[in-house]
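*Asks:*
Residue numbers (my numbering): 32 to 696.
In structure tokens, the structure reads:
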């Protein structure tokens, strides 16, 4: 039933209140509601949040987003991890009504003393406020002086009004309101995750390629191990990454095993030594999802890898890919977990025209309880080995209800475990996966390359879908080598790195990006030539560094800026600014006193110059500010900027300005 002071259309509310909205420890999130009433009397609105400790936080006064819209907003900042609730309260505000109406009537000589008397009576009620609303000594003295002015008929009318309209008193009455006819909507749910759920830099690499070396007798490459892969961790940490993501590290099937450039081995005889197979074709005689590929080493080796990563400040993420190779133990032990076709064979995975003959998808409808319990067992198995982050392969091909159950079960015992959704699919499914518990999501970022579509997408993930999903902007993946990188040269790699690292709190790169790897298997394809998905691909990092063929120093700079600036660690604080060129993008992020402005040339082939228009108020600068100092973190230059600013960006030199605003003290 609608309240006396109607409160409607509350945001964020996910799945009609059945699921919590996304929140993160320390990151403010907006609560909005439409609050209105009959007639002309004034009203107030507040948000009251309750933390996981059961303690109600002090009310946050909501402000009207735009005059006349009746749409109110306040920002809640979780100070504890865990489940939160919030209520929106609307109430009649007699003080605000009096402050609006009384001066008009008094100056019109209408009911002058009656208006002063009503004001006095309201102020006397303010003196009696208790609890969090109670006045301190200074505030009490201010109110008593106002009561005296309202009562003093010997003073001139304007002098009495001057006391009652003083900004200091008006502010006090705003923060210590009299609430009448209160209505409450809620409670509504939010869940505050640990900071890594929102902010982090990801680095993906295949451990089998690190330390791969030729067999001395045959010359065939031999797989690297966890021990050799651990030697790469120092360089990854030095670049400022937070998460090391490993594709599947399990045994790889031999039936229909894939080889170089996605060729299928169909015998006769054993699989050739150089046909490493796709790590996503999980399972063989050596075990399934709870086992390690024997070439990589033992669990002692894996545990040592995790321990080394943790010692360097890195978390290890592994792939949770719910599918099986034809020789996975599940196929013989639980054939009901798969789909049998009319000819009696098990259906392999397809995404026409792509065929995955080495993979059997799971059919969750045949034995949902059995499958669910097995997956939960597997997740907890890896959690016991120090894994607190999972990148989930193709979650959109599994039932949403299954994920809702699994993520809730894990959260109940291990609330710090995070899941990244790799679902390049329709928006409804992407948002649905986020709504039911996924902490982060891959996005359409990789395919947004034009200015207008980038602007629209930045605003979408920051302000429209932020309560449902947190974006992770990967610049490339083993599956996605966008044409922009294939043909844009080194400048394209810088452009996309700046856009991802500055535009999203979470971003990621797949190994080889820093070496400008850009050759596709064929024109029009997004697959890498000699893709690491099917074969070992060792890289000579030392030679690239000696010869200056690496973007690693640039990535290091971007990650250092992200760690140094709180504004870059948040999602919901992004503002797009207009420019006069279709290839120059500008946006800013502000958190408290920290503001970063990014100006980026999206054209990797040509110098661009234009004017950039920035309203200083949008940067959080005081009203009336016409100029301010900025420092370019990439070039080291200092400039004075204002409302209209000239920029010239040569991608062959540097495609971006990353400007920090130096606020006057």
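Where is the CB? At the ideal position from N, CA and C, for every residue including glycine. Because the structure is a prediction, the values reported are computed rather than measured.
Which value, in whole angstroms, describes the spacing of the CA atoms of residue 183 and residue 170?
*Replies:* In the chain shown, residue 183 corresponds to position 152, counting from 1. In the chain shown, residue 170 corresponds to position 139, counting from 1. Computed Cα separation, rounded: 20 angstroms.
*Asks:* Would residue 351 and residue 602 qualify as a contact pair, given that the criterion is a beta-carbon distance under 8 angstroms?
*Replies:* Within the chain shown, numbered from 1, the residue matching residue 351 stands at position 320. Within the chain shown, numbered from 1, the residue matching residue 602 stands at position 571. No, these two residues do not count as a Cβ contact at 8 angstroms.
*Asks:* Could you tell me the boundaries of the beta strand (DSSP E) in which residue 166 lies?
*Replies:* Working through the chain shown from its first residue, we reach residue 166 at position 135. No beta strand (DSSP E) holds residue 166; DSSP gives it neither H nor E.
*Asks:* Please confirm whether residue 698 and residue 225 have their CB atoms less than 8 angstroms apart.
*Replies:* Residue 698 lies beyond the stretch modelled for the chain, which goes from 32 to 696, so this question has no answer here.
*Asks:* As a quick exercise: from 636, 559, 392, pick the residue whose alpha carbon is nearest that of residue 365.
*Replies:* Indexing the chain shown from 1 puts residue 365 at position 334. Selected option, being the one with the closest Cα: 392.
*Asks:* Pick from 86, 218, 204, 269: whose alpha carbon is nearest that of residue 52?
*Replies:* Taking the first residue of the chain shown as 1, we reach residue 52 at position 21. Closest option to residue 52, Cα to Cα, is 218.
*Asks:* Specify whether the stretch 115–123 and the stretch 138–155 touch according to this definition: at least 3 beta carbon pairs, one from each stretch, less than 8 angstroms apart.
*Replies:* Short answer: they don't touch.
*Asks:* Suppose only complete runs of 4+ residues qualify. What are the alpha helix (DSSP H) ranges in the stretch 431–457, listed by chain order?
*Replies:* With a minimum length of 4 residues, the continuous alpha helix (DSSP H) runs that stay inside the stretch 431–457 are 431–444.
*Asks:* Please return the same chain residues whose Cβ sits closer than 8 angstroms to the Cβ of residue 416, not counting the five positions on each side in sequence.
*Replies:* Along the chain shown, read from residue 1 onward, the residue named residue 416 stands at position 385. If we look at residue 416 and ignore the five residues flanking it on each side, its Cβ neighbours are 330, 333, 334, 337.
*Asks:* Could you please give the first and the last residue of the uninterrupted beta strand (DSSP E) stretch that includes residue 341?
*Replies:* Counted from its first residue, the chain shown places residue 341 at position 310. Premise fails: residue 341 lies in the alpha helix (DSSP H), 330–342, not in any beta strand (DSSP E).
*Asks:* Alpha carbon to alpha carbon, what distance is there between residue 544 and residue 484?
*Replies:* Taking the chain shown and counting its residues from 1, one reaches residue 484 at position 453. Taking the chain shown and counting its residues from 1, one reaches residue 544 at position 513. Approximately 23 angstroms between the Cα atoms of the pair.
*Asks:* Less than 8 angstroms between the beta carbons of residue 539 and residue 503, yes or no?
*Replies:* As a first step, residue 539 must be located in the chain shown, where it is residue number 508. As a first step, residue 503 must be located in the chain shown, where it is residue number 472. Cβ distance < 8 angstroms, so residue 539 and residue 503 count as in contact.
*Asks:* With the cut-off set at 8 angstroms, would you say residue 313 and residue 279 are in Cβ contact?
*Replies:* Residue 313 sits at position 282 when you count from the first residue of the chain shown. Residue 279 sits at position 248 when you count from the first residue of the chain shown. Yes, these two residues count as a Cβ contact at 8 angstroms.
*Asks:* Ordered along the chain, which non-local residues of its own chain (more than five positions away) have a Cβ less than 7 angstroms from that of residue 107?
*Replies:* The residue given as residue 107 occupies position 76 in the chain shown. So the qualifying residues of the chain are 59, 60, 62, 78, 80, 91, 117.
*Asks:* Hey, quick one: how far does the alpha helix (DSSP H) through residue 26 stretch, first residue to last?
*Replies:* Residue numbering for the chain in the displayed model covers 32 to 696; residue 26 lies beyond these limits and cannot be assessed.
*Asks:* In terms of alpha-carbon separation, which member of 695, 354, 584 lies closest to residue 661?
*Replies:* Here residue 661 refers to the residue found at position 630 when the chain shown is read from its first residue. Comparing Cα-Cα distances from residue 661 to each of 695, 354, 584, the minimum goes to 695.
*Asks:* Return the residue from the list 610, 682, 289 that minimises the CA-CA distance to residue 564.
*Replies:* Indexing the chain shown from 1 puts residue 564 at position 533. Ranking 610, 682, 289 by Cα distance to residue 564 puts 289 first.
*Asks:* Across the stretch 564–575 and the stretch 302–320, are there enough close Cβ pairs to call them in contact, namely three or more that are closer than 8 angstroms?
*Replies:* The stretch 564–575 vs the stretch 302–320: in contact.
*Asks:* Can you say whether residue 348 is buried or exposed, counting buried as having 16 or more other CB atoms within 10 angstroms of its CB?
*Replies:* Your numbering for residue 348 matches position 317 in the chain shown. Buried: at least 16 other Cβ atoms inside 10 Å.
*Asks:* Over what stretch of residues does the beta strand (DSSP E) that includes residue 642 continue unbroken?
*Replies:* Position 611 of the chain shown, counted from the first residue, corresponds to residue 642. First-last of the beta strand (DSSP E) with residue 642: 639–644.
*Asks:* For the stretch 526–535 and the stretch 249–262, state whether three or more C-beta atom pairs, one from each stretch, are separated by less than 8 angstroms.
*Replies:* No: fewer than three Cβ pairs fall under 8 angstroms.
*Asks:* Assign residue 470 to one of two classes, buried (16 or more other C-beta atoms within 10 Å of its C-beta) or exposed (fewer than that).
*Replies:* Translated into the one-based positions of the chain shown, residue 470 becomes position 439. Flag for residue 470 reads buried.
*Asks:* Can you tell me the Cβ-Cβ gap for residue 345 and residue 272, rounded? I've got them flagged as a contact below 8 angstroms.
*Replies:* Counting from 1 along the chain shown, the entry for residue 345 is found at position 314. Counting from 1 along the chain shown, the entry for residue 272 is found at position 241. So it is a contact: roughly 7 angstroms between Cβ atoms.
*Asks:* Which two residues bound the contiguous alpha helix (DSSP H) that contains residue 572?
*Replies:* For this step, residue 572 is matched to residue 541 along the chain shown. Its alpha helix (DSSP H) spans residues 572–577.
*Asks:* My output table needs one value for residue 632: the three-state DSSP class, helix, strand or coil.
*Replies:* Taking the chain shown and counting its residues from 1, the one referred to as residue 632 is at position 601. Three-state DSSP puts residue 632 in a strand.
*Asks:* Where does residue 199 land, buried or exposed, given buried means 16+ other C-beta within 10 angstroms?
*Replies:* Along the chain shown, one-based indexing puts residue 199 at 168. Residue 199 is exposed by the Cβ-count criterion.
*Asks:* What number of angstroms, rounded off, separates the C-alpha of residue 8 from the C-alpha of residue 320?
*Replies:* Given a span of 32 to 696 for the chain in the structure shown, any question on residue 8 remains unanswerable.
*Asks:* With residue 178 and residue 151 assumed to form a contact (beta carbons below 8 angstroms), what rounded beta-carbon distance in angstroms separates them?
*Replies:* In the chain shown, the residue the question calls residue 178 occupies position 147. In the chain shown, the residue the question calls residue 151 occupies position 120. Sure, about 5 angstroms apart at Cβ, within 8 angstroms.
*Asks:* For residue 37, which option in 608, 368, 64 has the closest C-alpha, if you only look at C-alpha atoms?
*Replies:* In the chain shown, the residue the question calls residue 37 occupies position 6. Nearest C-alpha to residue 37: 64.
*Asks:* Under a Cβ-count criterion, where at least 16 other Cβ atoms within 10 Å of its own Cβ denotes burial, should residue 648 be classed as buried or exposed?
*Replies:* On the chain shown, position 617 is the one that residue 648 refers to. Classification for residue 648: exposed.
*Asks:* What did DSSP end up calling residue 141 once you bin it into helix, strand or coil?
*Replies:* By 1-based counting over the chain shown, the position of residue 141 is 110. Coil, per DSSP.
*Asks:* Please look up how many angstroms separate the CB atoms of residue 449 and residue 406, rounded, as I've assumed it's under 8 angstroms.
*Replies:* The residue given as residue 449 occupies position 418 in the chain shown. The residue given as residue 406 occupies position 375 in the chain shown. Not quite, the Cβ-Cβ distance comes to about 16 angstroms (not below 8 angstroms), so this is no contact.
*Asks:* Taking its Cβ as the centre, do 16 or more other Cβ atoms sit within 10 Å of residue 32, making it buried, or is it exposed?
*Replies:* Locating residue 32 in the chain shown gives position 1, where the first residue counts as 1. Classification for residue 32: exposed.
*Asks:* For residue 519, which residues from the same chain have a beta carbon less than 6 angstroms from its beta carbon, with the 5 sequence-adjacent residues on both sides left out?
*Replies:* As a working note, residue 519 is residue 488 in the chain shown. Counting only Cβ-Cβ distances below 6 angstroms, and skipping sequence neighbours, we find 635.
*Asks:* Which residue wins for smallest C-alpha separation from residue 239, given the options 551, 306, 436?
*Replies:* In the chain shown, residue 239 corresponds to position 208, counting from 1. Minimum Cα distance to residue 239 is reached at 306.
*Asks:* So residue 585 is in the alpha helix (DSSP H); what residue range does that whole segment cover?
*Replies:* For the purposes of this step, residue 585 is identified with residue 554 of the chain shown, where counting begins at 1. Residue 585 -> alpha helix (DSSP H) spans 583–595.
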